[in-house]
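Q: Chains as they are written, first to last, in the working numbering: chain A, 341 to 755; chain B, 341 to 755. Supplied in structure tokens, the structure appears directly below.
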């Protein structure tokens, strides 16, 4: 029988009742003969509590992006607790189960703490245990460094653990159980006609994830794409036996009927920075964005336009609202060095995007998009595109209107 | 500079403020040039919370004394959190500190889970780190089995961890910081004139600990005695710089002025079981106590008296109230097999003891004790003695009166 990896997030293991339901799901699947490795997150709220304690103890020693090895010792305890509890709950049901902590399954990490990257697995007997019929209950989010210290993978790291374990075990699939029943064409809170997608390609899911759909962590989708691990997003909140097909995230080739557009995403966490009267000579932009990079400002959309035909240009770029304060401070300080006249920061903007692998082979997609927005009198500020995505920056007040208009324009509304 | 081991219990690390105070104490001592290994318990309340979760998840799978490997995975996370938090708090003060979990310092255990015994330490670099000036912050209560699983030492196991680490590091002393400022001649809640002892022998401390004084776990005192580790009990609640001598627990030879009696202890967790009309022939008692042993009933005091000079005897023994129900059930069921007429269980009894190494060389101690109780009209039910202890079983209503009378009779009242 093939090996299968299951992953349960924080809301799925929020308390003992939910852990018991998860144990029932696992018992059912084990009863079907599946050889299971199960990755668990911390009970919801626990990681925040532990982060609060760690920050409280360290005070100024933990600042911004600076996390360290001891922070990881503290926060990784949340997944440890869940793995032990789920193993106990499975044994209560007469199943052969045991917990595996990061150091026990020897998931080696590199590049520091708090946002470590997975290097690989040392032989720990995990695969043999799974093949022998033992349900491996793995604490997500944590690994161990070469020096034998605990390291965590950063927020959402349990998704990444699940995919890494699935790849290492050559699992036939990796089921991500969560509190929604799949990936939707857009946010159902904004568009009630939003539909659950049956399948979506890795590339589309990556764009969805990085553009604000919070179902899967970006790194886990990248890893699944690289190792060709079929992912499925499904609900841990449906009753046993109830229909629960979820959404498959797989290679484009496995999707026979490709939609032109599969999803509409939006993000209000956007700021638009306009630099006026920048010296229009080689190297100026490079200097500007090198500075942003050094300050850790993640620049997204960029537009440059010649302003007045007199050796001066205007430059527009976007970043997250959190980064925009940093950008503003450093740009103001370096105005003379970079060479520009004035700047302006707007935070009342939103980014709305359409995503679909079908765009690669269809024309007229941008036209449909822009026309739908024009029909609603929505002004487009900045445009950026990739092979499978078109994003526009608009006035934040128009976000919901734009999402609904595009959802209808691309025939995504449920009947 | 010599190595020193410090241990901080649950109330000493109850919250971030208390952890900060502990960090201040450690910083002060490190500033004196001491090479420190620090053992920490879980924040007070955490272990109970985790035990509750584990029992909730396992349901009937955890019953009575049956604990297992996954229970240990869950409950050991409490000490992990504290060790990380204290390391962070020390680093905040500019000190070189790191946490050590059970598996990292390779504290090997045997004899199962939940109440594992320490087998020894594998080389982990701990001693080198301490000698190099790093403050080792060690998660107490936890070790690792030969199979690489987490194992806990049972309640109070952090004391035992501290002494084991002190022995392994050849530390000059092991300071047990707690919420009292030392070991007292008796319970100050009953006798306001109770005095802090300056020194007490391991043997006396063992009797104190096993008789109900909850300052130190019995196993840790045994271990300290076997490895001749000088222990000190002192308060983590005094301000820095304030007088805080604590109580030394050391070998008898290091105590120059030996008191005849050093402490008065009491325990209300006692039950007296009287077996009437037992067949007075060889093997009957052996069969009775073998049965108690099999049932896990820890028998304490035993008295046998010939009852009627007709081949029948009465037998009296004591055990904890918790064990007495088990004893009652099994004895009732086996009445015919053991051969006795009837039985009686009294739970309104208390044990009061006097403890002192000086008894070995002084006479008249028992006389003084019995006379003091007689003067207060307290009836003695059962008596048991060891080389450094005399215990009496009395009516529980007289407990405080007896303790006060004995405290005065042996000149222990503070002036």
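For each residue, glycine too, the CB sits at the ideal point set by N, CA and C. All values derive from a computational prediction rather than experimental measurement.
Starting from residue 482 (chain A), find everything on chain B with Cβ-Cβ shorter than 7 angstroms and list it in chain order.
A: In chain order: nothing, as chain B lies at least about 11 angstroms away.
Q: Alpha carbon to alpha carbon, how far is residue 464 (chain A) from residue 444 (chain A)?
A: 7 angstroms
Q: For residue 754 (chain A), which three-state DSSP category applies?
A: coil
Q: Give a yes or no on whether the C-beta atoms belonging to residue 457 (chain B) and residue 364 (chain B) are separated by under 9 angstroms.
A: no
Q: On the DSSP bridge assignment, give the partners of residue 684 (chain B) in chain order.
A: Per DSSP, B:614.
Q: What is the rounded straight-line gap between the Cα of residue 404 (chain B) and the Cα of residue 554 (chain A)?
A: Per-residue confidence for residue 404 (chain B) stands at a pLDDT of 41, beneath the threshold of 50, marking its modelled position as unreliable; no derived number is given.
Q: Is the CB-CB distance between residue 595 (chain A) and residue 667 (chain A) below 9 angstroms?
A: no
Q: Alpha carbons only, please: which of A:417, A:727 and A:357 is nearest the one belonging to residue 483 (chain A)?
A: A:417
Q: 9 angstroms is my cut-off, CB to CB: does residue 746 (chain B) come that close to chain A?
A: Not one chain A Cβ lies under 9 angstroms of residue 746 (chain B).
Q: Find the nearest neighbour of residue 638 (chain A) within the set A:644, A:657 and A:627, judged by alpha-carbon distance.
A: A:657
Q: Exposed or buried, what is residue 714 (chain B) when buried is set at 16 or more other beta-carbons lying within 10 Å of its beta-carbon?
A: exposed
Q: Could you tell me the distance, in whole angstroms, from the CA atom of residue 422 (chain B) to the CA atom of residue 383 (chain B)?
A: Their Cα atoms are separated by approximately 7 angstroms.
Q: Pull up the CB-CB distance for residue 695 (chain A) and residue 729 (chain A), whole angstroms please, since I reckon it's below 8 angstroms.
A: 5 angstroms
Q: Nearest by alpha-carbon distance to residue 347 (chain B): which of B:477, B:509, B:563 and B:590 is it?
A: B:477
Q: Hey, residue 415 (chain B) and residue 394 (chain B) are a contact pair by Cβ (cut 8 angstroms); roughly how many whole angstroms apart?
A: 6 angstroms
Q: State the start and end residues of the unbroken alpha helix (DSSP H) segment that holds residue 365 (chain B).
A: Going by DSSP, residue 365 (chain B) is part of the alpha helix (DSSP H) stretching over 356-371.
Q: Is it the case that the region 343-357 of chain B contacts the region 496-503 of chain B, given that we only count it when at least three CB pairs across the two stretches are under 8 angstroms?
A: yes
Q: According to DSSP, simplified to helix, strand and coil, what is residue 678 (chain B)?
A: helix
Q: Mind listing, in chain order, the continuous alpha helix (DSSP H) runs of no fewer than 4 residues lying wholly within the region 383-458 of chain A?
A: 386-398, 409-415 and 417-432
Q: Write down the C-beta distance between residue 558 (chain A) and residue 546 (chain A) rounded to the nearest angstrom, noting that I regard them as a contact closer than 8 angstroms.
A: 6 angstroms
Q: Could you list which residues in chain B have their beta carbon closer than 7 angstroms to that of residue 396 (chain A), in chain order?
A: 356
Q: Applying the 10 Å Cβ sphere with the 16-neighbour rule, what's the burial state of residue 472 (chain B)?
A: exposed
Q: Return the first residue and the last residue of the beta strand (DSSP E) that residue 575 (chain A) is part of.
A: 571-575
Q: When every heavy atom of the ligand MG is checked, does at least one fall within less than 8 angstroms of the C-beta of residue 343 (chain B)?
A: What this structure holds is no ligand at all, so the ligand MG is not there to describe.
Q: CA-CA distance, residue 424 (chain B) and residue 409 (chain A)?
A: 9 angstroms
Q: For a contact defined as C-beta to C-beta under 7 angstroms, what are the partners of residue 729 (chain B) on chain A?
A: Within chain A, no residue comes near residue 729 (chain B); the closest Cβ sits about 41 angstroms away, beyond 7 angstroms.
Q: Using the beta-carbon of each residue, which ones in chain B are nearer than 7 angstroms to residue 414 (chain A)?
A: 421, 424 and 425
Q: Against chain A, does residue 377 (chain B) count as a neighbour if the rule is that its beta carbon must be under 9 angstroms from one of theirs?
A: no
Q: Might you give, ordered along the chain, the residues of its own chain that have their beta carbon closer than 6 angstroms to the beta carbon of residue 736 (chain B), omitting 5 neighbours on each side?
A: 608, 688, 689 and 690
Q: Compute the beta-carbon to beta-carbon distance between residue 611 (chain A) and residue 549 (chain A), rounded to the nearest angstrom, for a pair I have assumed lies under 8 angstroms.
A: 21 angstroms between Cβ atoms; not a contact.
Q: Is residue 664 (chain B) buried or exposed, if buried means 16 or more other CB atoms sit within 10 Å of its CB?
A: buried
Q: By the 8 angstroms beta-carbon criterion, what residues does the region 575-602 of chain A contribute toward chain B?
A: none
Q: Going by the DSSP bridge assignment, what does residue 589 (chain B) pair with across the sheet?
A: Bridge partners of residue 589 (chain B): B:540 and B:571.
Q: Is the beta carbon of residue 442 (chain B) less than 9 angstroms from the beta carbon of residue 491 (chain B)?
A: yes
Q: Does the Cβ of residue 566 (chain A) have 16 or more other Cβ atoms within 10 Å, making it buried, or fewer, making it exposed?
A: exposed
Q: Over what stretch of residues does the beta strand (DSSP E) that includes residue 655 (chain A) continue unbroken?
A: 652-659
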